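Chains as they are written, first to last, in full-length UniProt numbering: chain A, 1 to 280; chain B, 1 to 803.
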């Protein structure tokens, strides 16, 4: 809903002016923070025992040096009911890996990271996801009747409030596209999410063609993570005149030693359906 | 006289007690001398249009008056022989000898100055002295003629843009709805078109104003020192009056521009007992769009209607109407349409030559309708109000005038409704809670001349607000709609518990406020005066907007259980001086304004389609202060003005009952419309009979924005972390505009009068940033800052005609 609003206004502004250009702007630089990307996604039909947590640090906004992973931290996830501990081992490249993880739907887990003698923690519940995800293609359902689009459909369960995150990645693209969905106005219905690309020479993107391959993930997420990722997606698309005033986004990773030095990122546990679609 | 005044107390609509109190207080002031009254109406001889703000004075005295909104005046003076001077900007002054030995009713008709050069010349002393004497502080007037001379983008004459050339008035950028007055928010301006509330003042997301200059007689902006007869918005009142229509001849005015065409018809009706005006304006949608965007359009239109009928000398009826609409079609995905509708029926009644009254029944509404076809639903939202008003002015004596009256407004808020627009739609129908409220007010306001040098205006307004039931009001655990999560360090929605059902007859919450208003003018010399003012204003309805720029899709919400009324206190001090035989004038004012209960939005708040707005907001406060300087050249070939404003506008939102320190840790931070320096120069130069040149030069500090202060990788994307709210600034805004108006030789008897207006907006093609957005280039992965500049250099041509 909101993105459509933004779209109208954007189009309107574009119609009035072709005057959009990249400029040099001086920005402030905040001290570097720890970034925790702890996305424990359990793919349906697998054991979910192999999990990776990525640690890095933030850097100045226009800094183009390669991001270096954080080395030497200790990372651990605990099942809050039975106390089982899963130690993630340092791969010396910013990745911390375990092969022992035991995912349980609706189970609460706690993450503990110790880095630079500061103790970070986060607690989250593993959310389930629907299992009837169907992928199909069409031309007429999207904005552009000529362009191919991929349609991701599933039935939203009526009995509960559900929050979803969809991730689309065309093979060969540098970046994925994320869409967050909640069932507030579509509860209990068949939900279809359409992903269509448009030609844009500047950003080197093109409409889908037969033969293009797209990886699709549908994740069940918590309400708190829905709120978080919603702001993150909106802010990653740039904030214009009619955009919500941007905010410093706080995730759920708290610094117990020094609360002001909270970590960026999020500790999420989800169930995920992964599918691949090849355009015909 | 007193008998007559007391008779009026028997009118059922007047609150007896307060008025009686005032009469008792001021009985002593009224002298026992033998006084007589002259009253009547002042009109434009050419078209019979009543003149508002015209001055009528007894020469060599300080006895005089300014005509009211209906052109009415009433002056009282001791018995004697006088010369009556009647004057108005752009009109030839009338001097008339009168022998005041009885009460008289005299109507005057002023002729437009024949010499075109005199168009903006003020020749008489009295009106200027009036300006110095009148205890009006923080008031700006703009004549529609002046507005039409100002160069504008794409040749569309724009009242709102003209206002922004005055000190203390700004907006957040070229594409933004509304305007900001003295560091106040857009929703803190009461915009009245013939007394009807206009909720959205912009067409096309802020590019053009909703007011068709051909239908407007006068605009007056109260930035501070708001008289007690107005209330309901804490920052300003913009009082716009429509023309009555030509009561002598049928006339057509119109224009053809690059954006729109307009046509107005006016003429006498009801056997010369009345007149009407009907004006329409419509844009050409296709002009705005690039050819590559097929199936898209953006267009607007508006219609103004005004008619009046004089029943007899003492009774006159007026009917006004306005209808404005914007329509967008974005491919097949989305349609959007929004606009204001208003209507007002008024009855002017003269009880006697000293007591003028007006009763109004007003309707106004604003609504929008989005058709989100891609997702197969419509989204509809509206606000409606019905308003009854009764205002009286008692011209008690030369030294004392009293305004008093009452008003009641019924509001109907429909924040939003979702309707599936196809059978296959996956969206369920849903409607957000409708809200209803009543706002009532009662006021008295006195204009009191203590001596020839000291004049005061003081008044009191009592306003009440009842949020009515007919809905379930949500309740929250511990009565906290928003809760500070100590552990995560963020504000979160509270836990909803069972709500309370209020019947339609019940009141959910009621508020009442006493609003004293006070201003004072002391004349230092023939040509200078100082003024001081204080005003307290309450505002009961709020526009929910957490975007940088107010959008037409923002929703109004009433005060109630969780949202408190905004309360402002403003203090102002001013110095006014005329130089060089009043060729130049100087106005300088300083002000300090505080606003309590200004709502602010927690990080990540979502306001659209949200039925629990209280869980997204905290009650905070704001303050603004500044210095405004205006220098005007009133006379000669070159006229115009120069303004400079130095100001600060900031807000603070402590956690309050939600806990925590508050938004931005409870610290003061700049509002999105804070402008430290704001300079503008507006000039018109009469080259000869055919050509008039106009120019604007504008320079403003960039508005506060929030830029990133770092980046990190998440989900494979570079994510910006943002700094404190509004702690950065856009680059400085400046531009220069030119216009040239060509009036071909006019034969005096020829009915058709045409003029060409050529304009260049932003002459040196400055790319003023309306916004700067930060994102990752998806081809290279490098972070970039992208500037959006709305208007580069824009030439325009418009043809206006009259016949």
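Using N, Cα and C, we set each Cβ at its ideal position, and we do this for glycine too. As the structure is a prediction and not an experimental result, all values here were calculated from the model.
Any C-beta of chain C under 8 Å from that of residue 481/B: In the displayed structure, chain C is absent; the protein chains listed are A and B.
Candidates 265/B, 50/B and 432/B, of which the one nearest residue 249/B by Cα: That would be 265/B, whose Cα lies nearest to the Cα of residue 249/B.
Nearest to residue 403/B (by Cα), restricted to the options 427/B, 450/B, 354/B and 369/B: The shortest C-alpha separation from residue 403/B is found at 354/B.
Segment contact flag, the stretch 268-275 of chain B with the stretch 300-315 of chain B, C-beta cutoff 8 Å, min 3 pairs: Counting C-beta pairs with one atom in each stretch, the stretch 268-275 of chain B and the stretch 300-315 of chain B have three or more that are closer than 8 Å, which means they touch.
Three-state secondary structure (DSSP) of residue 124/A: Of the three classes helix, strand and coil, the one that applies to residue 124/A here is strand, per DSSP.
Within chain B, partners of residue 242/A - CB distance below 8 Å: Close to residue 242/A, with beta-carbon spacing below 8 Å, are these residues of chain B in chain order: 205, 547, 548, 549 and 551.
Residue-level contact to chain A via CB, residue 487/B, 8 Å cutoff: Yes, its Cβ sits closer than 8 Å to a Cβ of chain A.
Local conformation of residue 433/B per DSSP, three classes: Residue 433/B carries a coil assignment under DSSP once its states are collapsed to helix, strand and coil.
Below-8 Å beta-carbon distance, residue 708/B vs any chain A residue: Residue 708/B belongs to the set of residues whose beta carbon lies under 8 Å from a beta carbon in chain A.
CB contact below 8 Å: residue 81/A versus chain B: By the rule that beta-carbons nearer than 8 Å mark a contact, residue 81/A does not touch chain B.
Spatial distance of residue 45/A from residue 775/B (CA atoms): Taken atom to atom, the span from the alpha-carbon of residue 45/A to that of residue 775/B is near 37 Å.
Integer Cβ distance of residue 274/A from residue 710/B, believed to fall under 8 Å: For a cut-off of 8 Å, the C-beta gap from residue 274/A to residue 710/B is around 32 Å, too long to register as a contact.
Cβ-based neighbour list, residue 35/B, same chain, cut-off 6 Å, excluding 5 preceding and 5 following: Non-local beta-carbon contacts of residue 35/B in its own chain, meaning distances under 6 Å to residues more than five positions away in sequence, involve 76 and 78 in chain order.
Whole beta strand (DSSP E) elements within the stretch 117-201 of chain A, 3-residue minimum: Counting whole runs of 3 or more residues, the stretch 117-201 of chain A contains the beta strand (DSSP E) stretches 118-125, 134-138, 149-155, 163-170, 177-182 and 190-196.
Whole-Å CB distance - residue 52/B paired with residue 37/B, under 8 Å assumed: Contact between residue 52/B and residue 37/B does not hold, since their C-beta atoms are separated by about 20 Å, which reaches or exceeds 8 Å.
Helix, strand or coil at residue 339/B [DSSP, three-state]: For residue 339/B, the secondary structure class from DSSP, reduced to helix, strand or coil, is strand.
Helix, strand or coil at residue 230/B [DSSP, three-state]: Three-state DSSP puts residue 230/B in coil, outside helix and strand.
Contact set for residue 117/A: own chain, Cβ-Cβ below 8 Å, skip 5 residues either direction: Sequence-distant partners of residue 117/A (beyond 5 residues in either direction) whose C-beta falls short of 8 Å from its own C-beta, in its chain, are 257.
Closer than 8 Å at the beta carbon, the chain B residues around residue 237/A: For residue 237/A, the chain B residues whose C-beta falls within less than 8 Å of its own C-beta are 775, listed in chain order.
Residue range of the unbroken beta strand (DSSP E) whose run includes residue 541/B: The continuous beta strand (DSSP E) containing residue 541/B extends over residues 541-544.
Residue environment, residue 695/B, which counts as buried when at least 16 other CB atoms sit within 10 Å: Label assigned to residue 695/B: buried.
Residue 225/A burial status per 10 Å Cβ neighbour count (16 or more: buried): Residue 225/A should be labelled buried.
Spatially closest choice to residue 220/A from 245/A, 156/A, 278/A and 138/A, by CA coordinates: Comparing Cα-Cα distances from residue 220/A to each of 245/A, 156/A, 278/A and 138/A, the minimum goes to 156/A.
3-residue-minimum beta strand (DSSP E) runs that sit fully inside the stretch 507-582 of chain B, ordered along the chain: As far as the stretch 507-582 of chain B is concerned, its whole beta strand (DSSP E) runs of at least 3 residues are 507-525, 528-539, 541-544, 555-558 and 566-579.
Chain A contacts from the stretch 403-424 of chain B (Cβ-Cβ distance under 8 Å): Residues are counted here when their Cβ sits less than 8 Å from a Cβ of chain A; for the stretch 403-424 of chain B these are 418, given in chain order.
Beta-carbon spacing of residue 124/A, residue 267/A below 8 Å: It is a contact, given that the beta carbons lie within the stated cut-off.
Integer-rounded CB distance, given that residue 177/B should sit under 8 Å from residue 205/B: Going by Cβ atoms, the distance from residue 205/B to residue 177/B rounds to 6 Å, so yes, they are a contact pair.
The stretch 250-276 of chain A: positions lying closer than 7 Å to chain B by Cβ: If the cut-off is 7 Å between Cβ atoms, the stretch 250-276 of chain A has 250, 252, 254, 259, 262, 264 and 265 near chain B.
As assigned by DSSP and simplified to three states, the class of residue 226/A: In the structure shown, the three-state DSSP call for residue 226/A is helix.
Neighbouring residues, chain A, relative to residue 430/B (Cβ below 8 Å): Contact of residue 430/B with chain A by beta-carbon distance below 8 Å involves 185.
Cβ-heavy atom distance, residue 745/B to the ligand HEM, below 7 Å: In terms of ligand content, the structure shown is empty, and the ligand HEM therefore cannot be addressed.
Any 3 or more C-beta pairs closer than 8 Å across the stretch 713-723 of chain B and the stretch 785-802 of chain B: Contact between the stretch 713-723 of chain B and the stretch 785-802 of chain B is absent: fewer than 3 CB-CB pairs across the two stretches fall below 8 Å.
Buried versus exposed call for residue 820/B [16 or more other C-beta atoms within 10 Å across all chains shown]: Nothing about residue 820/B can be reported from this structure: the residues present for chain B run from 1 to 803 only.
Beta carbon of residue 203/A nearer than 8 Å to that of residue 778/B: Yes, the Cβ-Cβ distance between residue 203/A and residue 778/B is below 8 Å.
Strand pairing of residue 220/B, partner residues [DSSP]: Bridge pairing for residue 220/B: 141/B and 239/B [DSSP].
Three-state secondary structure (DSSP) of residue 340/A: In the structure displayed, chain A extends from 1 to 280; residue 340/A sits before or after that span and is not available.
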